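Engineer: Here it is, the structure, as structure tokens.
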Amino acid sequence: MVKSPITGGGVRLRINGSEHLLQIEPRVTLLDALREYVHLNGTKKGCDQGQCGACTVHVDGRRVLACLTLASQVEGLAITTIEGLAVNGSLHPVQEAFIRHDAFQCGYCTSGQIMSAVGCIDEGRTESDTTVREYMSGNLCRCGAYPHIVAAVRDAAQAMDSGEGRSR
Amino acid sequence: MNNFEYVRATAIPDALKAVARQTGSRFLAGGTTMVDLMKCGVELPSALIDITRLPGLDTIEAGPTSVRIGALSRMSDVADHPTIRKEFPVLSESLWRGASAQLRNMATIGGNLMQRTRCSYFREPGVYGACNKRDPGSGCAALEGINRGHAVLGTSPSCIATNPGDFAVALVAFDATVHVENGKAQRRIPIDDFFLLPGDTPDLEHPLSSDELIVAVEVPTSSALRRSHYLKVRDRESYEFAAASAAVGLELEADGRTIRDVRIALGGIATRPWRARTAEEALVGRTFDEPTVRGASRLAIEGAVDHGENRFKIDLAPRVVARALLTVGGIT
Amino acid sequence: MAVPNSESLKSNGTYLGRRIARSDGVAKVTGRADYALEHDLAGTVHAVIVESTVPSGRIGNIDLAAARTMPGVLRILTHADALPLKSCPMVPAGSVMESFLPLQDDRIRYNGQPIALVVADSFDHATEAAGRVRIDYKTELAVADIDDPTATLIDVPGAPSSGLARGDAKGALAAAAVRMDVVYTTPREYSCPMEPLGAIAAWGNDGGLTVWMPSQWAEGARRAFSDWFAIPMNKVRVVSPFVGGGFGVKVTAHADSLLAAMAAREMRRPVKLALSRPQNFTGNGLRPAIRQKLTLGASEDGKLQVLIHENTSETSVDDDYVEGGAATARVMYAVPNLSSTQKLVRVSSFTPSWKRAPGEAIGAYALESAMDELAYKLKLDPIELRLRNYASQDPESAKPWSSRRLREAYEAGARAFGWERRSPEPRSMRDGRELIGWGMAGGAFPNVHTPGEARVTIAADGSIEVASSGADIGGGTYTILAQTAADALGVPFEQVRVRLGDTSLPRAPVAGVSQIANLLTGAVDKTARAAREELLTLASSHAGSPFKAKRVNDFTIKDGKIAPTDGSAEAVMISELMRMVGRDRIEVTRNTMPAEKASSEAEQRDAYDSFKYMGPPSSTHATYAWCAQFVEVRVDEDYGTVRVRRMVGAFDCGRLYNPKLAESQWKGGMIMGMGEALLEAIHIDRRYARITNNNLADYVVPVNADVPDIEVISVGEPDFHASALGGKTVGEIGVVGAAAAIANAVFHATGKRVRDLPITMEKLM
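Below, the structure is given as structure tokens:
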């Protein structure tokens, strides 16, 4: 059993391959840990209550919401944020497809959309526009980039499938 | 959010011991309800016992007589389980029609059963004093408030809060059992007994004591489960709770027309997942056709009471039941 | 990292007009675009607002004892000890900015009003302590909403949409063969940008204030802080390089950034204040509920004789905010007799603010629904009715249109949609248990112009920097300004860097009314041409120049190389010439003020910090963007749920600087219109005069699964009366007409005319 008292002990987070030891209280969410303590601001706070998807990150390869995840809960697990997606200075195929299809405007939901899209592709949910729409519906976009997001996801899925891209 | 002690349990006995150690301790699984309600100021645990790393509770066994789902299985894993998808469609559909892909990757089956109402008056304790569910005896602000989303079945003068579950509706339709542990004996709670009506005590939602842990749900297989469907109607196409939903299953006699077994439960319209036994009974032995199905479906909302804005649910719910049945019966 | 573009950027010629990918794209897809709350300052503390939980009355006792003892709490501000503030009269009170200033008195105006501010060492500590502040109220009677029986109507004769009249509306109505009057109601709606409001504020030792906040108008916010805190403009800096959506709510500074600045001053350290999502609902950013009565009179053959528009909308306790709906009705059709009136209902609410296409969006919903109703009444095709009333000039001013390709929009949209296959009878098209409906509507959005300022710098290495305080709220300002400068200077697009959203840069007016693209491309084009002139002056006259040509006009610049047009010498890179003439930079600042006013600092301040200079771009022509929208809906017969299956929009927005980005704007507007038509409504609990659905699960906006394929078509041509470079407004026209097209499609599907948005299932069951 691991205990962390109210006053807060160290929480060891593995983010994008790097270890971070944070002195935070148990109530600090993964989202606030990333933004306020590690200063990785790419993960966005849109609602802070599980209703918009802007804070989507990957924990052990699965897309989840950082706002409803306590940082303590994911100690030692592999956390990937938008900052960890591009490798060696080259964009992930999904990032590239988002630019090519103009799948965003203001950009605030974009980190979450892209992390969610990578998950959607990994889960194999790209066989039709309808499927992509359903499995990308956990990410609100108020600018209304949805049709372009669908196009980008399908395009990136194809690119990754045909080996042009790379898997995560 | 209040602060609390965080305990990560790595074995079931440890978890049970930890939760019993101080009052106000609660289990933490996916967190999608608990953390949300803590931010709302509704849940104020003194300690959270993180059970997500307990071993052996995330297995899914789809056997010949029952499907046993470990309580820590994630909604998405159950929804995508090949056998469940193929053989028991209502279980998969009621899961993937809920929440969003991200939330389904977090939320567990045990936690899903424990999710709490979306009633606005319940969720803002700092503003609305009257909520019997939160604060017994304080009243119910929803009765004369904004109640388009509120229940029309199973209500009481104390509470009209809707149970928001989808998967639970399927479990109720197909007579699932909830397996519970408290360190002494395992207990099996029939799903019908698992969700309590509000009555005078809407704060009591389940028959669990605070030191009991859900370890699994088990659904007996049946022909009706194999021919089943979950239909969810809502304002937008996805990522929203139901205005009305129905979990149904159907088994026909060898003649292909006469109803041998039928299961009907409703969601989004009642204070608990709502089994419609009268409607089921009216259908068994009858010929499966649209007029019969529509007629019987109206029995599903027997005793419904509206509070103004939610009156439409009384019309909507039977139509949802009928359409779900027609779909599994091949009349589209 | 390279920006993937669908077409090669290497080709010569102009960049404007081409489908170039967003130049801020890489920053946005890698999470590196720095939004306001992402500025990390050492020593930052966190502030959380405590809101009133009653709608009206006075604050009684405030008990801070429990909150003060919470861990990490540093300070709690209330009206008893908060810094007195001065008012900011930069725009007419209520026009877009509230006059309300927080923590100045004990009066409660609305449920959700900021009444205390808790400052603590962490967000969690401040949040928890805010929940422990105990407040007693002396409550008074509130007016909950537009339908509250105790509400009283107020006349606003001075409102822009009020008291308009042409011809003799009364007489014409009496004489009209066909008459119709209908009332359309729309609920409170929220902008809901994905980035919530909030700010980081820090005061320097010199008494200067810096605020990082999402702003559609950094200059306007700067003016507000200057007025509120009574400090000179040059002591205020507002930084807002990226804005996570605005749609009107971020046009001016509100209580959140104001309180951050107040607390930072009190604390003598940086303060971060992030509104929670529920606080974004209870505090700012709503379109008021509106009731529009339209009376139409027409001849038997469908010629409109008269149109009477009577508008009633909500406003706040403090201000007269007017959301008039008559703007579209005034210009859409050749109707000789017209009148419009405006009334307000004062409700216990904060002052409403703009939401995308304020006035036009709801005005077009009513007008274009009424036209649809008239078409059915007269048994005319909806397009035919509109063509019979086509306005060949501005019916209001009798001025010619600068351009009006609305006929072409009807045609192109109808063709793409397949309108001719529509069976006109309601309920005549179906697919299984779904009724199919096809509907259409038109829309208009005015062109306005405000002067702007820009700076263009040519660096020693030949790279170009364009700078303006104007905002890119997602429309693509970064990209199109780079295109503009690249064209004007003859350099590759990638060589241009654009800096925006910072008041330390040259000044710009509001990114609202869809004006920023047109006015800043104009300003940047003018400035870049001046920089080119300066560069070529060096080429033609400086002793160090390798060229013999002596006139600026004798040179061309292409792909960043300068050469005499007659080919008499080898081309030279800009960087080379800069070296040869011994310059490390050329920096030029220009504005687009009227020449006679350009030298006056006071006039300039008015131009960029108020709406004084905002007006039509042409004195001789009426300038509008136009659209025609076509929609297919499916309505489930049992449930009454409406799903949009196809949308086609044809737009006349003049010249498109970047069609790829313009199309995104149009589609986004159409989707927002879908939300208005089918989903979005604020629910007010009358007993508390409070918003109950103050979150994104209960205030439902469209999700991906709601949105079908959308086809958009440009029918515009360059319009140089509308703007310097020929564009018309793009950002808001997409939402104008979308809700009406959907509502009309719903009628076609079901035979039911729902005149109260949103069209939710219970209205169709």
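Keeping their order, the protein sequence lines are chains A, B and C.
Residue 252 is where the first sequence starts when you use this note's numbering, and the numbers rise one by one after that.
Residue 13 is where the second sequence starts when you use this note's numbering, and the numbers rise one by one after that.
Residue 1436 is where the third sequence starts when you use this note's numbering, and the numbers rise one by one after that.
The beta-carbon is built from N, C-alpha and C at its ideal position, and this holds for glycine as well.
Computed from a prediction, not measured in an experiment: that's the story for all the values here.
1) What are the start and end residues of the alpha helix (DSSP H) that includes residue 1765/C?
2) Any beta carbon of chain B sitting closer than 7 Å to that of residue 416/A?
3) Taking the alpha carbon of residue 1855/C as the reference point, which residue from 1523/C, 1836/C, 1817/C and 1840/C has its own alpha carbon closest?
4) Considering only C-alpha positions, which residue in the set 87/B, 90/B, 344/B and 182/B is nearest to residue 301/B?
5) Just confirm the distance between the C-beta atoms of residue 2114/C and residue 2143/C, as a whole number of angstroms; I'd bet it's less than 8 Å.
6) Check distances from the C-beta atoms of the stretch 2095 to 2114 of chain C to those of chain B and list, in chain order, the residues that come in under 7 Å.
7) For the candidate residues 306/A, 379/A, 299/A and 397/A, whose alpha-carbon lies nearest to that of residue 2146/C?
8) So, at 8 Å on beta carbons, what are the nonlocal neighbours of residue 155/B in its own chain, with the 5 sequence-adjacent residues on each side left out?
9) The alpha helix (DSSP H) that contains residue 1667/C, what's its start and end?
10) So residue 2150/C and residue 1843/C are supposed to be a Cβ contact under 8 Å. How far apart are they, rounded?
11) Is DSSP giving residue 418/A helix, strand or coil here?
12) By Cβ distance, which residues of its chain are closer than 7 Å to residue 2010/C, with the 5 residues on each side in sequence left out?
13) Specify, as a first and last residue, the run of the beta strand (DSSP E) that residue 2027/C falls within.
14) Under 7 Å between the Cβ atoms of residue 283/B and residue 180/B?
15) Going by beta carbon distance, what residues of the same chain come within less than 7 Å of residue 275/B, once the five residues before and after it are set aside?
16) Taking the Cβ atom as the reference point for each residue, do residue 2024/C and residue 1960/C lie within a distance shorter than 7 Å?
17) At 7 Å on the CB atoms, spell out the chain A contacts of residue 1463/C, in chain order.
18) What are the boundary residues of the beta strand (DSSP E) that includes residue 16/B?
19) Please work out which residues of its chain come closer than 6 Å, Cβ to Cβ, to residue 1943/C, disregarding the five sequence neighbours upstream and downstream, and give them in chain order.
20) Determine the burial state of residue 1576/C: buried for a count of at least 16 other Cβ atoms within 10 Å of its Cβ, exposed for fewer.
21) I want to verify the contact list: residues of chain A whose CB lies under 8 Å from the CB of residue 2144/C, in sequence order.
22) Can you look up residue 269/A in the DSSP assignment and give me helix, strand or coil?
23) At the level of alpha carbons, what is the spacing between residue 329/B and residue 278/B?
24) Skipping 5 residues on each side, what residues in its chain have a beta carbon closer than 8 Å to that of residue 1670/C?
25) Comparing the C-beta of residue 2140/C with each C-beta of chain B, is any distance below 7 Å?
26) Say whether the stretch 79 to 94 of chain B touches the stretch 46 to 53 of chain B, bearing in mind that this needs 3 or more beta-carbon pairs closer than 8 Å, one atom from each stretch.
27) Could you work out which residue in 347/A, 299/A and 322/A is closest to residue 2131/C when comparing CA atoms only?
28) Report the residue from 15/B, 37/B and 19/B whose alpha carbon sits nearest the alpha carbon of residue 223/B.
29) For the putative contact between residue 230/B and residue 189/B, defined by C-beta atoms under 8 Å, what is the C-beta separation to the nearest angstrom?
30) Going along the chain, which residues of its own chain have a beta-carbon closer than 7 Å to the beta-carbon of residue 1829/C, five neighbours each way excluded?
31) Within a Cβ cutoff of 6 Å, which residues of the same chain sit near residue 376/A, ignoring the five residues on either side of it in sequence?
32) Excluding the 5 residues flanking residue 339/B on each side, which residues of the same chain have their C-beta closer than 6 Å to its C-beta?
33) Given that a residue counts as buried once 16 or more other Cβ atoms are within 10 Å of its Cβ, and exposed if not, what is residue 1860/C?
34) Leaving out five residues before and five after residue 1857/C in sequence, what residues of the same chain have Cβ atoms less than 6 Å from its Cβ?
35) Checking the sheet assignment: what are the DSSP bridge partners for residue 2110/C?
36) Quick check: the Cα distance between residue 384/A and residue 2074/C, rounded to an integer number of angstroms?
Structural biologist: The answer reads as follows:
1) Working through the third sequence from its first residue, we reach residue 1765/C at position 330. First-last of the alpha helix (DSSP H) with residue 1765/C: 1761 to 1767.
2) Residue mapping note: residue 416/A aligns to position 165 of the first sequence, counting from 1. Residue placement at residue 416/A is flagged as unreliable, the pLDDT there being 45, under the threshold of 50; the coordinate-derived value follows with that caveat. Chain B, which has no Cβ nearer than 7 Å to the Cβ of residue 416/A, makes this no.
3) Residue numbering aside, residue 1855/C sits at position 420 when the third sequence is read from its first letter. Here the closest residue by C-alpha is 1817/C.
4) Here residue 301/B is taken as the residue at index 289 of the second sequence, counted from 1. Of 87/B, 90/B, 344/B and 182/B, the residue nearest in Cα terms is 344/B.
5) To locate residue 2114/C, count along the third sequence from 1; it is residue 679. To locate residue 2143/C, count along the third sequence from 1; it is residue 708. Rounded, the Cβ-Cβ distance is 15 Å, inconsistent with contact.
6) 2114
7) Position 711 of the third sequence, counted from the start, is the residue given in the question as residue 2146/C. Measuring from the Cα of residue 2146/C, the nearest candidate turns out to be 397/A.
8) Position 143 of the second sequence, counting from 1, holds the residue named residue 155/B. Contacts found: 169, 172 and 319.
9) Here the question's residue 1667/C lines up with position 232 in the third sequence. Note, residue 1667/C: premise wrong, no alpha helix (DSSP H); not H, not E.
10) To locate residue 2150/C, count along the third sequence from 1; it is residue 715. To locate residue 1843/C, count along the third sequence from 1; it is residue 408. 4 Å between Cβ atoms; contact.
11) Indexing the first sequence from 1 puts residue 418/A at position 167. Low confidence applies here, because residue 418/A scores a pLDDT of 44, under 50, leaving its location unreliable and the question unanswered by this model.
12) Sequence index remark: in the third sequence, residue 2010/C carries index 575 (1-based). Once the five neighbours on either side are set aside, the close Cβ partners of residue 2010/C are 1895, 1896 and 1897.
13) Position 592 of the third sequence, counted from the start, is the residue given in the question as residue 2027/C. First-last for residue 2027/C: undefined, no H or E at that position.
14) In the second sequence, the residue the question calls residue 283/B occupies position 271. In the second sequence, the residue the question calls residue 180/B occupies position 168. Going by C-beta atoms, residue 283/B is not nearer than 7 Å to residue 180/B.
15) Here residue 275/B refers to the residue found at position 263 when the second sequence is read from its first residue. Here the set comprises 185, 186, 236, 260, 261 and 292.
16) Residue mapping note: residue 2024/C aligns to position 589 of the third sequence, counting from 1. Residue mapping note: residue 1960/C aligns to position 525 of the third sequence, counting from 1. No, the Cβ-Cβ distance between residue 2024/C and residue 1960/C is not below 7 Å.
17) For the purposes of this step, residue 1463/C is taken as the residue at position 28 of the third sequence. Within 7 Å Cβ-Cβ: 355, 358 and 361.
18) As a first step, residue 16/B must be located in the second sequence, where it is residue number 4. Note, residue 16/B: premise wrong, no beta strand (DSSP E); not H, not E.
19) Counted from its first residue, the third sequence places residue 1943/C at position 508. Result list for residue 1943/C: 1887, 1903, 1904 and 1905, in chain order.
20) Walking along the third sequence from the start, residue 1576/C turns up at place 141. Classification of residue 1576/C: exposed, given that the 10 Å Cβ count is below 16.
21) If you number the third sequence from 1, residue 2144/C lands on position 709. Near residue 2144/C (Cβ distances below 8 Å), the residues of chain A are 380 and 398.
22) Locating residue 269/A in the first sequence gives position 18, counting from the first residue. In this structure, residue 269/A counts as strand in the three-state DSSP scheme.
23) The residue given as residue 329/B occupies position 317 in the second sequence. The residue given as residue 278/B occupies position 266 in the second sequence. Their Cα atoms are separated by approximately 8 Å.
24) In the third sequence, the residue the question calls residue 1670/C occupies position 235. Here the set comprises 1641, 1642, 1643, 1644 and 1661.
25) Your numbering for residue 2140/C matches position 705 in the third sequence. Interface residue, yes.
26) no
27) To locate residue 2131/C, count along the third sequence from 1; it is residue 696. Of the candidates 347/A, 299/A and 322/A, the one whose C-alpha sits nearest the C-alpha of residue 2131/C is 299/A.
28) In the second sequence, residue 223/B corresponds to position 211, counting from 1. With distances taken between Cα atoms, residue 223/B lies closest to 37/B.
29) Position 218 of the second sequence holds residue 230/B. Position 177 of the second sequence holds residue 189/B. At roughly 5 Å, the Cβ-Cβ gap stays under 8 Å, so residue 230/B and residue 189/B are in contact.
30) Sequence index remark: in the third sequence, residue 1829/C carries index 394 (1-based). If we look at residue 1829/C and ignore the five residues flanking it on each side, its Cβ neighbours are 1766, 1836 and 2057.
31) As a first step, residue 376/A must be located in the first sequence, where it is residue number 125. So the list reads 382 and 386, once near-sequence residues are dropped.
32) As a working note, residue 339/B is residue 327 in the second sequence. Result list for residue 339/B: 241, in chain order.
33) Counting from 1 along the third sequence, the entry for residue 1860/C is found at position 425. That one is exposed.
34) Position 422 of the third sequence holds residue 1857/C. If we look at residue 1857/C and ignore the five residues flanking it on each side, its Cβ neighbours are 1873.
35) Taking the first residue of the third sequence as 1, we reach residue 2110/C at position 675. None; residue 2110/C has no bridge partner.
36) As a first step, residue 384/A must be located in the first sequence, where it is residue number 133. As a first step, residue 2074/C must be located in the third sequence, where it is residue number 639. Rounded to whole angstroms, residue 384/A to residue 2074/C spans 22 Å at the Cα level.
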